[in-house]
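Down below is the structure, laid out as structure tokens.
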Amino acid sequence: MNEEEIINILKEKFGDKIVECKIPMKRRVFVEVSKECYKDVVKFLLHDLDMKHVEAITGVDAKDHFEVIAHIGYGISVSVKVKISKDEPVIDSICDIARGVELYEREAYDLLGIVFKGNPNLKRFILPEDWPEGVYPLRKDYEAEHPKPLR
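Here it is as structure tokens:
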């Protein structure tokens with residue numbers, strides 16, 4: 001199966017829930033989907049198209065919204081992107097359909113405040129336990145304290 005075939009299959013299966021598709025280079029496919037079908041698209045890629053491996057989950061602060069991108073691969077890498085509201089940064093977890101993604105989701109939760117509904121272990125992962133609640137260092141509005149220069 002090639003990149004174009006993957007896109008055609010996804011468009012046929014999910015219709016207008018597929019927002020955009022791109023092939024930026026050989027063996028890479030970028031697919032933006034609606035929030036409602038994010039988990040279904042990931043499940044379809046893993047189980048029906050037999051892509052086998054979630055390479056990573058990326059969280060992005062895009063100023064007016066967040067993006068969650070699941071990178072799935074097996075020969076060809078498919079990045080499934082979904083935009084979510086900053087006012088309600090909640091999306092369904094995929095840890096029940098993809099092994100090993102709990103830590104990726106915890107990282108996005110810890111550093112950006114994105115809640116993955118259904119992740120049974122959604123707690124701090126990188127930041128220290130005494131880190132202030134509701135402060136997320138990868139958000140664009142985060143202001144780090146700068147140390148005073150030594151003289």
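FYI, the numbering used here numbers position 76 of the sequence shown as 76, with every residue one higher than the one before it.
C-beta atoms are modelled at their ideal positions from N, C-alpha and C, and glycine is treated no differently.
For residue i versus residue j, is the C-beta spacing smaller than 8 Å?
i: Ile6; j: Leu49; result: yes
i: Gly118; j: Ser93; result: yes
i: Val80; j: Tyr109; result: no
i: Val33; j: Val19; result: yes
Quick check: what's the CA-CA separation for residue i versus residue j?
i: Lys83; j: Pro149; result: 40 Å
i: Ile192; j: Leu111; result: The question about residue 192 has no answer, for the chain in this structure spans 1 to 151.
i: Lys13; j: Val41; result: 9 Å
i: Ile91; j: Tyr74; result: 25 Å
i: Met25; j: Phe66; result: 25 Å
i: Val31; j: Cys21; result: 4 Å
i: Ile2; j: Ile76; result: Sequence check: residue 2 is Asn here, not Ile. Distance between the alpha carbons of Asn2 and Ile76: 8 Å.
i: Pro120; j: Phe44; result: 22 Å
i: Glu145; j: Val135; result: 13 Å
i: Thr58; j: Arg106; result: 11 Å
i: Ile97; j: Lys52; result: 11 Å
i: Arg139; j: Glu102; result: 21 Å
i: Lys11; j: His71; result: 18 Å
i: Gly100; j: Ala56; result: 10 Å
i: Asp87; j: Glu4; result: 35 Å
i: Asn8; j: Glu36; result: 20 Å
So is the beta-carbon of residue i under 7 Å away from any non-hydrogen atom of the ligand GTP?
i: Met1; result: For the ligand GTP, the structure offers nothing, since it holds no ligand at all.
Pull the bridge partners of residue i from the DSSP assignment, please.
i: Phe30; result: Lys22 and Ser79
i: Asp92; result: Lys117
i: Ala70; result: Ile57 and Val80
i: His65; result: Ser85
Go ahead and label residue i buried or exposed: buried means 16 or more other beta carbons lie within 10 angstroms of its beta carbon, across all protein chains shown.
i: Arg124; result: exposed
i: Tyr142; result: exposed
i: Arg27; result: exposed
i: Pro128; result: exposed
i: Pro89; result: buried
i: Ile126; result: exposed
i: Ala62; result: exposed
Hey, quick one: how far does the alpha helix (DSSP H) through residue i stretch, first residue to last?
i: Asp40; result: Tyr38 to Lys43
i: Asn2; result: Here Asn2 belongs to no alpha helix (DSSP H), and DSSP marks it neither H nor E.
i: Ala108; result: Glu102 to Leu112
First and last residue of the beta strand (DSSP E) that includes residue i?
i: Asp61; result: His53 to Asp61
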